[in-house]
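What follows is a short report on a single structure.
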Amino acid sequence: MTRILAACLSLALFALAAPAGAAPFEAGNDYQVLGTAQPTDVKEGQVELREFFSYGCPHCFTFRPKLHEYMENGAPEAAELIRVPVTFGRQQWATLAKAYYAAQEMEVLDTMHEAIFKAIHVDNQPMSSVENLKALADANGVDGEDFAKRVNASMLVDMKTRRAEQAVRSYGVRSTPTVVVAGKYLVSPRSAGGHDRMLQVIDYLAQRELEGQQ
Numbered sequence: 628m629t630r631i632l633a634a635c636l637s638l639a640l641f642a643l644a645a646p647a648g649a650a651p652f653e654a655g656n657d658y659q660v661l662g663t664a665q666p667t668d669v670k671e672g673q674v675e676l677r678e679f680f681s682y683g684c685p686h687c688f689t690f691r692p693k694l695h696e697y698m699e700n701g702a703p704e705a706a707e708l709i710r711v712p713v714t715f716g717r718q719q720w721a722t723l724a725k726a727y728y729a730a731q732e733m734e735v736l737d738t739m740h741e742a743i744f745k746a747i748h749v750d751n752q753p754m755s756s757v758e759n760l761k762a763l764a765d766a767n768g769v770d771g772e773d774f775a776k777r778v779n780a781s782m783l784v785d786m787k788t789r790r791a792e793q794a795v796r797s798y799g800v801r802s803t804p805t806v807v808v809a810g811k812y813l814v815s816p817r818s819a820g821g822h823d824r825m826l827q828v829i830d831y832l833a834q835r836e837l838e839g840q841q
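Numbering (my numbering), first residue to last: 628 to 841.
Here you go:
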């Protein structure tokens, strides 16, 4: 019920802000339409929200709680969030991307996702080395030796990291955070005009995509 009320309120605000018959957000200004739509990893009747981020990105750290709140209380129930850690060719970010996939492989993302962000942006701890990530895992009740081993030498982690790098190129992602809706629409803070408005654009596109599936 909370999700329904939130969705209705957001749509009502959009309607009040826009002239009759006009879309509240404009392609090419508030969001970009991908030249080639990308395949999604969600079921029919769902809409994919693909977030490109890095633990090393301060803007991603700031955006993180807002996106979480939106997914919990404002997003359509059919919205599915998929995270993609980016590297942009930086070795430190590549290590952090591998840390994301190592945590995913060990099924400890709920613990490590927040722990890595907090270590870097709150505690000012360098997380660019595997040894530091190992210590962080141990401090959070995760097997640090196993975690470090997967960051260093897991074929699955390496494969997922390479696929993430390919996705960045395929989607044309140039900054973080960026969210691609339904494999078609790229939304960034720069295009939308800040994090809060970015979520409004994402919600508008997600709702429109779901309406088009009916």
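Heads up, the beta-carbon is just placed ideally off N, CA and C, and yes, glycines get one too.
The model shown is predicted, which means the values in this text are computed figures rather than measured ones.
query: With DSSP as the reference, identify every bridge partner of Leu-813, one or two as the case may be.; result: Gln-659, Val-807
query: So who's on the other strand from Glu-675, going by DSSP bridges?; result: Glu-707
query: Just to confirm my understanding: we take Gly-662, look at its own chain, exclude 5 residues before and 5 after, and list those with CB closer than 7 Å. What are they?; result: none
query: Which residues in the same chain have their Cβ closer than 7 Å to the Cβ of Asn-779, if we skip the five residues on either side of it in sequence?; result: Val-757
query: Kindly identify the DSSP beta-bridge partner or partners of Ala-654.; result: Tyr-658
query: Rounding to the nearest angstrom, what Cα-Cα distance links Ser-818 and Arg-691 in this structure?; result: 18 Å
query: For the alpha helix (DSSP H) containing Lys-670, list its first residue and its last residue.; result: Lys-670 -> no alpha helix (DSSP H), and no H or E assigned at all.
query: Can you tell me whether Pro-753 is helix, strand or coil according to DSSP?; result: coil
query: Give the range of the alpha helix (DSSP H) segment to which Asn-769 is assigned.; result: Residue 769 is actually Val in this sequence, not Asn. From DSSP, Val-769 is part of no alpha helix (DSSP H); its letter is neither H nor E.
query: For Leu-632, name the three-state secondary structure that DSSP assigns.; result: Low confidence applies to Leu-632: its pLDDT is 44, below 50, so where it sits in the model is not reliable, and the reading given next is rough at best. Three-state result, Leu-632: helix.
query: Can you tell me where the alpha helix (DSSP H) holding Gly-821 begins and where it ends?; result: Taken as a continuous stretch (DSSP letters only), Gly-821 belongs to no alpha helix (DSSP H), as it is neither H nor E.
query: Should the segment 738–747 be regarded as contacting the segment 799–808, the criterion being three or more beta carbon pairs within less than 8 Å?; result: no
query: Which partner residues of Phe-680 appear in the DSSP bridge assignment?; result: Pro-712
query: Which residues in the same chain as Arg-789 place their Cβ atom closer than 7 Å to its Cβ, once the five residues preceding and following it in sequence are excluded?; result: none
query: Applying the 10 Å Cβ sphere with the 16-neighbour rule, what's the burial state of Met-782?; result: exposed
query: Determine, using beta-carbon pairs with one atom in the segment 823–841 and one in the segment 662–678, whether at least three such pairs fall under 8 Å.; result: yes
query: With DSSP collapsed to three states, give me the class of Glu-792.; result: helix
query: Thinking C-alpha only, which one of Val-800, Ala-791, Phe-652, Glu-734 is nearest Thr-722?; result: Ala-791
query: Between which residues of its own chain and Gln-827 is the CB-CB distance below 6 Å, once the five residues before and five after are set aside?; result: none
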